Amino acid sequence: AERHAWPVTNIAYGSVLEVQMQPAEQGQRLLAAEDGEQLFLLVASERGVKVVRVTVAADEDGPSASWYRCKVWVHAPVDTDTGHMDVLMLDAKVESCPVPSEEAAMGAGGRYLPVPSDVPAPEGGGIVIRLRIDKEVKASRSPRPRG
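Residue numbers (my numbering): 3 to 149.
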(Lines of atoms letter the chains of each structure in order from A and count residues from 1; the text may use other names and numbers.)
(Lines give C-alpha, C1' and ligand atoms only; values in the text may rest on other atoms or scores of the structure.)
Protein backbone atom coordinates (compact mmCIF):
# COMPACT_ATOMS: atom_id res chain seq x y z
CA ALA A 1 0.00 0.00 0.00
CA GLU A 2 2.77 2.44 0.87
CA ARG A 3 4.98 1.55 -2.07
CA HIS A 4 2.24 1.99 -4.68
CA ALA A 5 0.09 4.53 -2.78
CA TRP A 6 -2.98 2.33 -3.33
CA PRO A 7 -5.96 2.51 -1.02
CA VAL A 8 -6.57 -0.51 1.21
CA THR A 9 -10.06 -1.72 2.09
CA ASN A 10 -10.84 -4.40 4.66
CA ILE A 11 -13.28 -7.03 3.43
CA ALA A 12 -15.32 -9.81 4.98
CA TYR A 13 -15.83 -13.01 3.01
CA GLY A 14 -19.38 -13.32 1.73
CA SER A 15 -20.17 -9.61 2.17
CA VAL A 16 -20.81 -7.17 -0.66
CA LEU A 17 -18.34 -4.32 -1.03
CA GLU A 18 -19.14 -1.25 -3.11
CA VAL A 19 -16.27 0.94 -4.31
CA GLN A 20 -16.00 3.85 -6.68
CA MET A 21 -12.85 3.72 -8.79
CA GLN A 22 -11.19 5.99 -11.29
CA PRO A 23 -9.67 3.68 -13.95
CA ALA A 24 -7.37 6.35 -15.35
CA GLU A 25 -6.11 7.63 -11.99
CA GLN A 26 -6.47 5.04 -9.23
CA GLY A 27 -7.14 1.78 -11.00
CA GLN A 28 -5.90 -0.46 -8.20
CA ARG A 29 -7.14 -1.12 -4.70
CA LEU A 30 -5.85 -3.65 -2.19
CA LEU A 31 -8.46 -5.72 -0.36
CA ALA A 32 -7.34 -7.09 3.01
CA ALA A 33 -9.35 -10.16 3.99
CA GLU A 34 -10.88 -10.64 7.41
CA ASP A 35 -8.66 -13.64 8.18
CA GLY A 36 -5.62 -11.36 8.07
CA GLU A 37 -3.83 -13.82 5.81
CA GLN A 38 -5.06 -12.95 2.33
CA LEU A 39 -4.55 -9.88 0.24
CA PHE A 40 -6.45 -9.32 -3.00
CA LEU A 41 -5.91 -6.75 -5.73
CA LEU A 42 -8.90 -5.12 -7.43
CA VAL A 43 -7.96 -3.65 -10.81
CA ALA A 44 -10.11 -1.34 -12.94
CA SER A 45 -8.61 -0.54 -16.33
CA GLU A 46 -9.70 0.22 -19.87
CA ARG A 47 -9.88 -3.55 -20.43
CA GLY A 48 -12.21 -4.18 -17.51
CA VAL A 49 -12.37 -5.17 -13.85
CA LYS A 50 -10.51 -8.07 -12.26
CA VAL A 51 -9.72 -9.40 -8.79
CA VAL A 52 -6.61 -11.51 -8.09
CA ARG A 53 -5.12 -12.93 -4.91
CA VAL A 54 -1.65 -11.59 -4.19
CA THR A 55 0.47 -14.60 -3.24
CA VAL A 56 3.85 -16.22 -3.36
CA ALA A 57 4.16 -19.47 -5.30
CA ALA A 58 5.00 -21.50 -2.19
CA ASP A 59 1.60 -20.97 -0.54
CA GLU A 60 -0.51 -22.08 -3.51
CA ASP A 61 -1.15 -25.74 -2.75
CA GLY A 62 -1.44 -28.17 0.09
CA PRO A 63 -4.02 -30.50 1.58
CA SER A 64 -5.91 -27.68 3.31
CA ALA A 65 -5.32 -24.96 0.72
CA SER A 66 -8.18 -22.58 0.09
CA TRP A 67 -9.55 -21.18 -3.12
CA TYR A 68 -11.72 -18.16 -3.68
CA ARG A 69 -14.62 -17.12 -5.91
CA CYS A 70 -15.45 -13.56 -6.68
CA LYS A 71 -18.61 -11.98 -8.01
CA VAL A 72 -17.97 -8.59 -9.60
CA TRP A 73 -20.72 -6.49 -11.10
CA VAL A 74 -21.52 -3.04 -12.44
CA HIS A 75 -24.81 -1.49 -13.51
CA ALA A 76 -25.22 -0.68 -17.18
CA PRO A 77 -27.08 2.40 -18.40
CA VAL A 78 -30.86 2.46 -18.14
CA ASP A 79 -32.52 1.22 -21.32
CA THR A 80 -34.54 4.22 -22.55
CA ASP A 81 -37.16 1.95 -24.16
CA THR A 82 -37.87 -0.27 -21.15
CA GLY A 83 -36.61 1.78 -18.21
CA HIS A 84 -34.67 -1.26 -16.97
CA MET A 85 -31.05 -1.20 -15.86
CA ASP A 86 -28.98 -4.21 -16.88
CA VAL A 87 -26.35 -5.63 -14.58
CA LEU A 88 -23.04 -6.82 -16.00
CA MET A 89 -21.62 -9.58 -13.78
CA LEU A 90 -18.72 -12.01 -13.58
CA ASP A 91 -18.71 -14.94 -11.17
CA ALA A 92 -15.38 -16.75 -11.38
CA LYS A 93 -12.55 -18.38 -9.43
CA VAL A 94 -9.97 -15.88 -8.21
CA GLU A 95 -6.58 -16.48 -9.80
CA SER A 96 -3.33 -15.95 -7.91
CA CYS A 97 -0.76 -13.37 -8.90
CA PRO A 98 2.72 -12.99 -7.33
CA VAL A 99 3.19 -9.36 -8.40
CA PRO A 100 0.60 -6.72 -7.46
CA SER A 101 0.29 -4.68 -10.64
CA GLU A 102 -2.34 -4.04 -13.29
CA GLU A 103 -0.28 -5.77 -15.98
CA ALA A 104 0.40 -8.86 -13.86
CA ALA A 105 -3.21 -9.10 -12.68
CA MET A 106 -4.65 -8.90 -16.19
CA GLY A 107 -2.09 -11.46 -17.40
CA ALA A 108 -2.62 -13.89 -14.50
CA GLY A 109 -5.11 -16.01 -16.39
CA GLY A 110 -8.74 -16.41 -15.56
CA ARG A 111 -11.47 -14.00 -16.52
CA TYR A 112 -12.18 -10.33 -16.09
CA LEU A 113 -15.35 -8.28 -16.44
CA PRO A 114 -15.27 -6.09 -19.57
CA VAL A 115 -16.91 -2.77 -18.72
CA PRO A 116 -18.36 -0.74 -21.61
CA SER A 117 -17.53 2.95 -21.73
CA ASP A 118 -21.20 3.90 -21.37
CA VAL A 119 -21.51 2.54 -17.80
CA PRO A 120 -22.97 5.41 -15.78
CA ALA A 121 -20.57 7.28 -13.53
CA PRO A 122 -21.70 8.82 -10.26
CA GLU A 123 -20.94 12.41 -9.43
CA GLY A 124 -17.17 12.76 -9.33
CA GLY A 125 -16.59 10.26 -12.14
CA GLY A 126 -15.22 6.76 -12.12
CA ILE A 127 -17.36 3.65 -11.96
CA VAL A 128 -19.11 1.95 -9.07
CA ILE A 129 -17.97 -1.65 -8.68
CA ARG A 130 -19.70 -4.12 -6.43
CA LEU A 131 -17.95 -7.33 -5.44
CA ARG A 132 -18.14 -10.29 -3.10
CA ILE A 133 -15.34 -12.75 -2.36
CA ASP A 134 -16.18 -16.20 -1.02
CA LYS A 135 -13.61 -18.51 0.57
CA GLU A 136 -13.80 -22.23 -0.10
CA VAL A 137 -11.59 -24.80 1.59
CA LYS A 138 -10.40 -27.67 -0.56
CA ALA A 139 -11.65 -30.96 0.78
CA SER A 140 -8.77 -33.11 1.87
CA ARG A 141 -8.83 -36.51 0.25
CA SER A 142 -8.59 -39.42 2.59
CA PRO A 143 -7.22 -42.65 1.21
CA ARG A 144 -9.86 -45.19 0.21
CA PRO A 145 -9.85 -48.38 2.22
CA ARG A 146 -8.62 -51.34 0.25
CA GLY A 147 -10.88 -54.26 0.08
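All C-beta atoms, glycine included, are put in the ideal place defined by N, C-alpha and C.
Source: prediction; values computed, not measured.
Val45 counts as buried, since no fewer than 16 other beta carbons sit within 10 angstroms of its beta carbon.
In the DSSP assignment, Glu104 falls within the unbroken alpha helix (DSSP H) covering Glu104 to Met108. Taking 8 Å as the upper bound for CB-CB distance, Val96 and Val54 are in contact here, some 6 Å apart. For Thr11, the three-state secondary structure derived from DSSP is strand. Between Val21 and the set Arg113, Leu43, Gly38 and Glu36, the nearest pair of CA atoms involves Leu43. Residue Ser103 holds the alpha-carbon nearest to the alpha-carbon of Arg5 among Gly112, Ile129 and Ser103. Taking the Cβ atoms as the reference, Asp88 lies roughly 4 Å from Ala78, within the contact range of under 8 Å. Shown here, Arg113 sits in coil according to DSSP, grouped into three states, outside any helix or strand. Just so you know, the alpha carbons of Gly16 and Glu36 end up roughly 11 Å apart. Taking the Cβ atoms as the reference, Trp8 lies roughly 5 Å from Gln30, within the contact range of under 8 Å. Put simply, of Gly111, Val101 and Val121 the residue whose alpha carbon is nearest the alpha carbon of Asp81 is Val121.
Assignment of beta-bridge partners to Ser98 by DSSP yields Arg55. For Val117 and Val139, the gap between their C-alpha atoms comes out near 30 Å.
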